[in-house]
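Participant: The structure that follows is given in the form of structure tokens.
Residue numbers (this note's numbering), protein chains in the order written: chain A, 18 to 159; chain B, -14 to 220.
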């Protein structure tokens, strides 16, 4: 009897753990576009413009996607421990802008730093347009 | 700036691209504080315009040496197929940490070097030695300021200039062009300011008095910029 009860408990535990694994995989299978702005302690004028404009683009053009979690905007300080780990993953040493598509474990990385530095300060509209197009493209599977 | 950016986008000649990248780096708002310090340091000897000129040359040479040596190492790493991220991260991290205390220390040394009984290499009353000290100072300042990258200069150097240099023949020369271009705006402003200050001094016949005050002002300027960096980085 005791053995039967033990078997039942083991069975239930196994079932529960399987369902959590399944839940984790299904949630990580979700497609999303993440816009990550990295910065250090020194915040240059161009860097601040990139941060402000990117945030504007995400909030104004993709508010519904932000609400349902398909677009995520992150500001990461690379001098913090967690920030440094993420910066190392993307090989970031200075202020940078990344727009990535995450599909489950697949990650399509797009470094938009050069584009951002070339446009954010002098041609803000062009920067916003370029970033919007990039996010839209990734959302539409391009 | 916008004009330079447009020229940069349309440039297909590596030497011109390197030169424009250098100019944009120097004129972007990011390294403004260190550029002001450099202008003050180079242009401070209004009593001797020749020294302003030599300081400028040595400051430029310091930048050339720093950017070129670092460039050679980075190009070799790229050509070897490895990533230079580790080195880039090291310079980015520690350059930022060093610049504040270094500027503060230089400011204190400049302010008190005439009053303190420092070792003979720092304090020599004859003009020639003072000139040499000043010039080596400019050379070292060039190296220090080159290696403390701002976010934007970091992107221009590591992200654009070095990959370009690694992809063309004679790419090792590009950091030299870049370095000269980063120093040019600083040199021009330093020379104009030194020249103007000299003229004002001449008009009032008080060039030595102005020189004395100028030394104090520039020492304080270094200390202020040093404190500013210490606050942004450490607090």
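Heads up, the beta-carbon is just placed ideally off N, CA and C, and yes, glycines get one too.
Quantities reported herein were computed from a predicted structural model and do not represent experimental measurements.
Can you pull the chain A residues whose beta carbon is under 9 Å from the beta carbon of residue 70/B, in chain order?
Facilitator: 105, 108, 109, 110
Participant: Using a Cβ-Cβ distance under 9 Å, would residue 138/A count as near chain B?
Facilitator: yes
Participant: In the DSSP assignment, what are the bridge partners of residue 90/A?
Facilitator: 52/A
Participant: Is the beta carbon of residue 138/A less than 9 Å from the beta carbon of residue 50/A?
Facilitator: no
Participant: Would you mind reading off the limits of the alpha helix (DSSP H) that contains residue 72/A?
Facilitator: 62 to 78
Participant: Residues in the same chain with beta-carbon distance under 7 Å from residue 134/B, minus the five sequence neighbours each way, listed in chain order, please.
Facilitator: If we look at residue 134/B and ignore the five residues flanking it on each side, its Cβ neighbours are 76, 77, 80, 142.
Participant: Look up residue 114/A in the DSSP assignment and give the residues it is bridged to.
Facilitator: 54/A
Participant: Which chain A residues sit within Cβ distance under 8 Å of residue 218/B?
Facilitator: 58, 59
Participant: Taking a cut of 7 Å between CB atoms, which residues from the segment -12 to 4 of chain B lie near chain A?
Facilitator: -10
Participant: Step through the CB atoms of chain B and report whether any lies within less than 9 Å of the CB of residue 52/A.
Facilitator: No, residue 52/A does not count as interfacial toward chain B.
Participant: Along chain A, in chain order, which residues have C-beta atoms closer than 8 Å to that of residue 134/B?
Facilitator: 111
Participant: Starting from the beta carbon of residue 97/A, find every residue of chain B whose beta carbon is closer than 8 Å, and list them in chain order.
Facilitator: Ordered by position in chain B, no residue passes the 8 Å Cβ test against residue 97/A, which lies about 13 Å from the chain.
Participant: Rounded to the nearest angstrom, what separates residue 101/A and residue 70/B at their Cα positions?
Facilitator: 13 Å
Participant: Taking the alpha carbon of residue 218/B as the reference point, which residue from 58/A, 53/A, 119/A, 52/A has its own alpha carbon closest?
Facilitator: 58/A
Participant: In whole angstroms, give me the CA-to-CA distance for residue 169/B and residue 82/A.
Facilitator: 48 Å
Participant: So what does DSSP say about residue 184/B, is it helix, strand or coil?
Facilitator: Helix, per DSSP.
Participant: Would you give the residue range spanned by the beta strand (DSSP E) that residue 151/A belongs to?
Facilitator: Run containing residue 151/A: none in the beta strand (DSSP E); it sits in the alpha helix (DSSP H), 141 to 156.
Participant: Note down, in chain order, all residues in the segment 110 to 136 of chain A with a beta-carbon under 7 Å from any beta-carbon belonging to chain B.
Facilitator: 110, 111, 112, 130, 131, 134, 135
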